[in-house]
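Notes follow the structure.
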Amino acid sequence: MGSPGAMMNYRASSSGASSRSKSAASRHLSKKHRFENAYVDATIRLDAEKRLREKHWMEMWTILRKELRELRKEMRDEEDAATLRELEGDARFLRKRKAEFEDMLGIQNPAEDVEV
């Protein structure tokens, strides 16, 4: 180690080793960072999908509620027994579908669903 050439080789090899270890550490951090970003991206995407699904369920529940109200009005005005039975069957089906959406949304049965 006494010669100047040997000293330069030592410096070059030691600085090269440290740069290799730094780049390996930075590669490790970037992999970890990429994994965290992928996890965050997947979570955000799943949350967005869940919000869209719940929005759809809420829209369907609202449509069914309105249709049930209209159907009840029609049933009040109807005098023909055969048509009335058909409307009652439709109302039963709509109530069943509405209850399914209530279960998916976690909605308790509101008091307005009192059968006429």
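Counting in the working numbering, the sequence shown runs from 11 upward without gaps. C-beta: ideal position from N, C-alpha, C; glycine also.
What did DSSP end up calling residue i once you bin it into helix, strand or coil?
i: D57; result: helix
i: D87; result: helix
i: G99; result: helix
i: I117; result: coil
i: A22; result: At A22, the pLDDT of 49 sits below 50, so the modelled position is not reliable and the matter cannot be decided from this model.
i: V126; result: Low local confidence applies: a pLDDT of 48 at V126 is under 50, so the model's placement there is unreliable, with the coordinate-based value given in what follows. V126 falls in the coil class under three-state DSSP.
What does the Cβ neighbour count give for residue i, buried or exposed, with the cut at 16 atoms within 10 Å?
i: F103; result: exposed
i: L78; result: buried
i: K83; result: exposed
i: K76; result: exposed
Can you list, in chain order, the residues of its chain whose CB lies under 7 Å from that of residue i, leaving out five sequence neighbours each side?
i: D51; result: none
i: A58; result: none
Between the alpha carbons of residue i and residue j, how many angstroms are there, rounded?
i: L74; j: I54; result: 30 Å
i: L81; j: K60; result: 31 Å
i: E64; j: K106; result: 18 Å
i: K108; j: T93; result: 22 Å
i: A48; j: L97; result: 52 Å
i: D113; j: T72; result: 14 Å
i: A101; j: E89; result: 16 Å
i: G99; j: L56; result: 38 Å
Should residue i be flagged as near chain B, meaning a C-beta pair shorter than 8 Å?
i: A52; result: You won't find chain B in this structure, because it holds only one protein chain.
Residues in the same chain with beta-carbon distance under 6 Å from residue i, minus the five sequence neighbours each way, listed in chain order, please.
i: F111; result: W67, M70, W71
i: M85; result: L97
### Query
Are three or more beta carbon pairs between the region 104 to 118 and the region 66 to 76 nearer than 8 Å?
yes
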